[in-house]
Amino acid sequence: MTLKAKKILIVDDEKVLAVALGLMLSEQKAEILTAGSLKEAGAVLDKGPVDLVILDRTLPDGDGVELLIRLRKEPGLKKVPVLILSGKTRNDDQVDGLDLGADDYMTKPFSVPELRARVDTLLRRARKFKH
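Below is the structure:
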């Protein structure tokens with residue numbers, strides 16, 4: 003029996019950062035999908051579910067929390083863990099993201115070991131509580 007590969011969607015308009023994040027998370031042995039906008043992220047999600055979303059708040063076509071709100075409303079996606087990784091460092095921004103349903107919030111710049119640990123935790127928790 004083979005385990006289904008995990009899918010991590012990274013939504014960030016900084017392409018270099020998205021690629022770097024994918025490389026940083028290579029230990030998770032996951033398929034890394036990237037999107038540079040809310041529209042691109044929606045298209046990726048329309049193709050099938052993912053196991054984790056890493057989401058920037060500042061995107062060219064809106065605030066990343068718009069995608070978070072969509073995820074939390076859709077029955078097939080509402081349990082997908084979301085880690086906001088954003089340059090918005092104000093406490094109000096962080097609290098807002100968490101109140102809207104994000105599972106975690108990290109600010110840029112970030113610690114790679116801490117990011118990996120948080121991703122591992124979210125994936126482990128999601129696997130434990132799947133149907």
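Numbering-wise, the working numbering comes out as the position in the sequence shown, counting from 1, plus 2. Positions of the beta carbon are idealized from the N, C-alpha and C atoms, including for glycine.
Excluding its 5 nearest sequence neighbours in each direction, T36 has C-beta neighbours in its own chain below 6 Å: I12 and A20, listed in chain order. A straight line joining the alpha-carbon of S39 with that of L61 spans about 6 Å. Distance from the CA atom of L85 to the CA atom of G44, rounded to whole angstroms, is 17 Å. Taking a contact as a CB-CB distance under 8 Å, the pair R74 and G103 counts as one, their CB atoms being some 4 Å apart. DSSP places T109 inside the beta strand (DSSP E), whose first and last residues are D106 to T109.
Contact annotation: the region 90–106 does not touch the region 22–34, with fewer than three C-beta pairs closer than 8 Å.
The continuous stretches of beta strand (DSSP E) do not include T123, which lies in the alpha helix (DSSP H) extending over residues V114 to K130. In terms of Cα proximity to I56, the closest of E76, L23 and D65 is L23. Pairing R120 with M26 gives a Cβ-Cβ distance that is not under 8 Å. Residue range V84 to S88 is occupied by the beta strand (DSSP E) that includes L87, with no alpha helix (DSSP H) assigned at that position.
By DSSP's assignment, K9 forms a beta bridge with E33.
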